[in-house]
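Down below is the structure, laid out as structure tokens.
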Amino acid sequence: MMKKIDLLEASKRKLLGEGLGSCSIEELQEIEQQLESSVSNVRARKTQVFKEQIQQLKEKEKALIAENCRLSEKYAIQPELATKDQIENQHQTYAESSPSSDVETELFIGLPETRPRRISPTQL
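No gaps in the numbering here: position 56 of the sequence shown is 56 in my numbering, and each next residue is one more.
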């Protein structure tokens with residue numbers, strides 16, 4: 001039993017690329033063929049899993065499209081077009097909520113204490 005375990009461990013090490021110094025050309029070619037076969041099997045399985053995932057996602061997409069159509073019909077959703085007045089009201093509301101006069105836009109080099117102080121219109 002111990003001999004079998006030792007042989008399996010040696011085989012595993014060789015497949016991992018360890019202890020190959022004592023291997024003959026034939027043994028190295030056999031290991032290479034085993035590894036190529038294993039890589040081929042892994043790639044085939046990976047491709048199969050990806051295809052299954054793609055199929056599931058396509059089915060989910062169809063279900064979501066159907067649900068979207070059903071909800072659109074149920075609530076009679078129609079795209080609302082923004083009028084010029086609505087856009088102007090949004091711009092005016094934004095301008096009132098964020099006054100730009102409090103923001104300094106000049107670039108100063110040096111410490112903050114050396115900057116000249118500005119007097120804003122609200123401080124007058």
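Beta carbons are placed, not taken as given, at the ideal position from N, Cα and C, and that holds for glycine.
Predicted model, so just to flag it, every value in this text is computed and none were measured.
With fewer than 16 other beta carbons inside 10 angstroms of its own, K51 counts as exposed. The DSSP-derived three-state label of I65 is helix.
Buried is the label assigned to K14, since at least 16 other Cβ atoms lie within 10 Å of its Cβ. About 7 Å separates the beta carbons of L28 and L20, which is inside the 8 Å limit, making them a contact pair. For A10, the enclosing alpha helix (DSSP H) has its first and last residue at 2-15. Rounded to the nearest whole angstrom, the C-alpha separation of K74 and Q48 is 39 Å.
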